[in-house]
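Everything on this sheet refers to the single structure shown next.
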Amino acid sequence: MSESAAGSDLKGFKANLLQKVIPKTIVKEQHAGAVRALQFNHLPGGGPTPGRAGGAAAGSTACGNLFATVGGSFATVYDDEHFGDHVAVVVQFHNDATPYTSGGELTALCWVDGLGFSLHEFGDALLAVGGGDDHAVQVISVTEGRVVKLLKGHG
């Protein structure tokens, strides 16, 4: 196949690609702004601390069904596996001003390996979000639905 024919095939493929996409779920987040970051949880597990009573084996709680977004002053965690063709909100965090942090717009997120830190018997998924007016990094427990660690001094 000549180089020009291959280029033409690629151009045709790109032109027709979106015609074949069938959206199954459209999500409108409540901040009504741009999503600044989106990340799927590809960590190997979030199992409980080894040796904890009642817990499953360490690392047995993979959370690959979760993905998270940040936009405006919100961080939202979704489940894309357990609701058929739909996604569901698992946790939503609003970065309000508190006595500990000044709140504001979130600009970054990262999944954190909770292995060895979770007190929950089935493990946890931890999400670190950053930004805000004071540039604090807040670690959110998906299981508890709250900030479990606050890291200041990153501004």
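In the working numbering, the protein residues as written are 1 to 155. Ideal Cβ positions, reconstructed from N, Cα and C, are used throughout, including at glycine.
For I140, is the classification buried or exposed, using 16 other Cβ atoms within 10 angstroms of its Cβ as the cut-off for buried? Numbered from 1 along the sequence shown, position 140 holds the residue referred to as residue 140. Buried, since its Cβ has 16 or more Cβ neighbours within 10 Å.
How would you label Q30, buried or exposed, when you count the other beta carbons within 10 angstroms and need 16 or more for buried? The sequence position of residue 30 within the sequence shown is 30, counting from 1. With fewer than 16 other Cβ atoms within 10 Å, it is exposed.
Segments of 3+ residues assigned as beta strand (DSSP E) that fall wholly inside the stretch 79-145: 88-94, 106-112, 126-131, 136-141
Q92: which of V148, K149, G153, V142 sits nearest, CA to CA? One-based indexing of the sequence shown puts residue 92 at position 92. Answer by Cα proximity: V142.
Residues sharing a beta bridge with T25, DSSP: For the purposes of this step, residue 25 is taken as residue 25 along the sequence shown, with counting starting at 1. Answer is none; T25 lacks a bridge partner.
Going straight from the alpha carbon of A56 to that of G114, what length do you get? What you label residue 56 is simply residue 56 of the sequence shown in a count that begins at 1. What you label residue 114 is simply residue 114 of the sequence shown in a count that begins at 1. For A56, the predicted structure reports a pLDDT of 40, less than 50, and the residue's modelled location is therefore unreliable. A value from the coordinates is still provided. Answer to the nearest angstrom: the Cα atoms are 14 Å apart.
Using only CA atoms, which one of L126, V87, D134 lies nearest to L109? The sequence position of residue 109 within the sequence shown is 109, counting from 1. Nearest option by C-alpha distance: L126.
Should S118 be labelled buried (16 or more other beta-carbon atoms within 10 Å of its own) or exposed? By one-based count along the sequence shown, residue 118 stands at place 118. Looking at its Cβ environment, which holds 16 or more other Cβ atoms inside 10 Å, S118 is buried.
Taking 7 Å as the threshold (C-beta atoms), are V89 and L106 in contact? Reading the sequence shown from its first residue, position 106 is the one you call residue 106. Reading the sequence shown from its first residue, position 89 is the one you call residue 89. Taking 7 Å as the Cβ cut-off, L106 and V89 do not qualify as a contacting pair.
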